[in-house]
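Notes for the one structure printed next.
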Amino acid sequence: MRNAAAIISQLRQDALRTLTPPPRLTISEWADRYRRLSPESSAEPGQFRTSRAEYQRGIMDAVTDPTVDRLAVMSSAQIGKTAVLENVIGYYISQDPAPILVLMPTLEMAQAFSKDRLSTMLRDTPILRGQVKDPRSRDSGNTMLHKTFAGGHITLTGANSPANLASRPIRIVLGDEIDRYPASAGSEGDPVNLAIKRTATFWNRKIILTSTPTIKGLSRIEHAFENSDQRRYHVPCPDCGEYQVLAWANVRWDEDRPETAHYVCEHCGSCIDERHKTAMLMAGQWIAGAPFTGTAGFHLSELYSPWRRWSDVAADFLQAKHGGSEMLKTWVNTSLGEPWEDQGDAVEPVGLMARLEEYERDDIPQLAVSAGVDVQKDRIECSVVAWGGGEEAWLLEHAVLPGDTARPEIWQDLHELLTDHEPHAVAIDSGFNSSMVYTFCERRRFAFAIKGASGFDRPVVEDATKRARRLRNRRKIGGSPVQIIGVDQAKVLVHSRLRQVQPGPGYIHFSEAAGCDDEYFAQLTAEKLVVKHHRGRASQEWVQQRPRNEALDSFVYALAALRLWGGLAAVIARKERAAAMPAGEAPAPSPARRQLDQIIKDRKRQMNGVTRGSGSFVSSWRNN
Ligand SMILES: [Zn+2]
């Protein structure tokens, strides 16, 4: 009997122990006690220390603050954000099991996170070891993208994959890099909203959204941060002790010497050296800039990062500034963690007029020539462009050919114009008088019938596999092959290049001889990128400011033609090889190689009656 009583007492003790909640820890306390960083994913493996980047404490502990329902972390890269997300996951698995959703921009990124981050944490952090069964063990019921543990489970998915977004209820949502999500998960709608909907049944839900921002007015994380209490990290000056937010404007360096970068206190003007940063961060505090209504917002720039020096940030800035507006935008987003404000995205035609040059085709370091053709009812407009390394461009001619595009005469004019310039590739808009365009292109290699499609996530030209598949399918149904051009992205690219002031990669050269007059520049700058709001969601749209824009379209098509031809990289590689080879020592091709070349030549001749084997547009062109 005594024995039985002892057993019952033991059982009761065990039951009580399982019922006793684990000690109430904040996430930073949990991480400082239990979390180990893995060698594969951390430059500093071993025990995690919140104090290594003290600002992480406020972010992590907001997650376990019962009054906080949502977090918006708008930040630069390099501030340790991923470790924070991992700690949140580890905490909930070990301290407060719950259904967790980790949402990444793409399925591939979710897989990489699971493999490189989550599984290494589960392996190397002792308190988590054994909590989640290894997916390799039979009957674990676990996969790379779905893992169960006592009291909860974790699902990882991509915002481009709607299937996983609409099933089970979720208590903890971690949305990472939300500015890189597509506008819609398939046809299901905004992926962030889909994820949030799944938390509806939990009173104690947590929605944690993080990202580097993108474009002002369009950025998801900017929107979330603006609706938060907007906390910024204030650090004291080592000289006067006054607290301040680290601002880029106060980073100074000697001209052209970013390695001399230091911080100037906004209160006492004293020059603060990098070596004080650690102490300043340790003494820092988060201060809200707006009333709290359930969402804790955090902003951080690279200036706070213990892993980046101010001199590194300054050097990056100088490089980005030199590289033009696209690089500067990336720097503002990823180093300052701030949304990029496009200066209206309108380019002033007057500014372009001022940079007219004189150049001869023979003087241009050209690697290829392409043409873009816009077809209207009563005329054809054609831009012929020479391209150098890094797609530096020289407009050779913008021609307007008048005539009825339903009649063959004007197409003969186009043929003659192109014969003059001998472009490697031509792209012709097939939106108007399509059959004439198809006929024209069918007889010529490297003449592409194209169709513009909208959508800012659509690339200028599709990748080779997609294009090949599309062409096969078109042929199956007897249609003419048409290439889809992502015009929105192409126009963004052209506009950013028009704003570039330094000749070099990306720069566009114009000359009066090429036909660049007031009207040409007015057309080239006829469209403006504006932000529109529809049902509460912001989106970008190109809006035409004046009736005609053919110069812009033609230039965009010439760029598309170059990329469809796809030979620029090959030409550069060939030239580099030729340059590297000592003169007069070009090795003769081996007999096997000569044989192979002959076979290829013959086959091309059979397949394409007009091609004489050189594989260029020009050769087939001349023979038409
Ligand atoms: Zn000071």
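Numbering-wise, the working numbering comes out as the position in the sequence shown, counting from 1, plus 15. Glycine included, each C-beta is placed from N, C-alpha and C at the ideal position.
Asked: If you reduce the DSSP assignment to three classes, tell me which class E203 lands in.; Found: coil
Asked: How would the residue list near ligand 1 read, in chain order, if you kept each one whose beta-carbon is closer than 6 Å to any heavy atom?; Found: C252, D254, C255, E257, C280, H282, C283 and S285
Asked: Could you check if C255 is buried or exposed, using at least 16 other CB atoms within 10 Å of its CB as the buried criterion?; Found: exposed
Asked: Quick check: the Cα distance between K543 and A294, rounded to an integer number of angstroms?; Found: 47 Å
Asked: On a Cα-Cα basis, can you pick out the residue from L410, W402 and T349 that is closest to E372?; Found: L410
Asked: Using CA coordinates, which residue listed in L351, G338 and T308 is at the minimum distance from D327?; Found: L351
Asked: Could you give the first and the last residue of the continuous beta strand (DSSP E) run that contains I379?; Found: Run containing I379: none; DSSP gives neither H nor E here.
Asked: Give me whichever residues DSSP pairs with S398 in a beta bridge.; Found: G387 and H413
Asked: Under three-state DSSP, which class holds G521?; Found: coil
Asked: How is the alpha helix (DSSP H) around R484 delimited, first residue to last?; Found: A479 to K491
Asked: In terms of residues, what are the limits of the alpha helix (DSSP H) holding H510?; Found: V502 to L513
Asked: Taking the CB atoms as reference points, tell me whether W355 and L382 lie closer together than 8 Å.; Found: no
Asked: In the structure shown, what three-state DSSP assignment does S57 receive?; Found: coil
Asked: Hey, how far is the Cα of G190 from the Cα of D139?; Found: 24 Å
Asked: In the structure shown, what three-state DSSP assignment does V497 receive?; Found: coil
Asked: Which residue from Y196, T135 and P114 puts its Cα closest to that of V207?; Found: Y196
Asked: Judging by CA-CA distance, which residue of I22, D419, L116 and L143 is the nearest neighbour of W45?; Found: L143
Asked: For the stretch 86-137, which segments carrying the alpha helix (DSSP H) assignment without a break, of at least 4 residues, lie completely within its bounds, in sequence order?; Found: 96-110 and 122-128
Asked: How close, in whole Å, do the beta carbons of Q245 and C252 come, if the pair is a contact with beta carbons under 8 Å?; Found: Going by Cβ atoms, the distance from Q245 to C252 rounds to 22 Å, so no, they are not a contact pair.
Asked: Taking E289 as part of the alpha helix (DSSP H), name the residues at either end of that continuous run.; Found: No alpha helix (DSSP H) holds E289; DSSP gives it neither H nor E.
Asked: Whether or not the stretch 491-509 and the stretch 556-576 are in contact is what I'm after, with contact meaning three or more pairs of Cβ atoms, one per stretch, closer than 8 Å; do they touch?; Found: yes
Asked: From Q560, A479 and D532, pick the residue whose C-alpha is nearest to that of H413; which is it?; Found: D532
Asked: Locate the beta strand (DSSP E) running through I187, then write down its first and last residues.; Found: I187 to D191
Asked: Taking DSSP as the reference, what is the three-state secondary structure of H277?; Found: strand
Asked: From what residue to what residue does the beta strand (DSSP E) around V266 run?; Found: V266 to D269
Asked: Could you check the C-alpha separation between E188 and G366 for me, to the nearest Å?; Found: Inspection of the sequence shows that residue 188 is occupied by Val rather than by Glu. Distance between the alpha carbons of V188 and G366 is about 48 Å.
Asked: Relative to the C-alpha of E289, which candidate in I104, T310, L343 and L261 has its C-alpha closest?; Found: L261
Asked: Go ahead and pull the three-state DSSP assignment for D149.; Found: coil
Asked: Grouping DSSP H, G and I as helix and E and B as strand, with all else coil, what is Q300?; Found: strand
Asked: Mapping DSSP to helix, strand and coil, what is H282?; Found: coil
Asked: What is the rounded straight-line gap between the Cα of Y522 and the Cα of V147?; Found: 54 Å
Asked: Using 8 Å as the limit for Cβ to Cβ distance, is M136 near chain D?; Found: In the structure shown, chain D cannot be found, because there is only a single protein chain.
Asked: Could you give the DSSP three-state label for R247: helix, strand or coil?; Found: strand
Asked: Hey, out of G166, E101, Y278 and S202, whose CA is closest to L180's CA?; Found: S202
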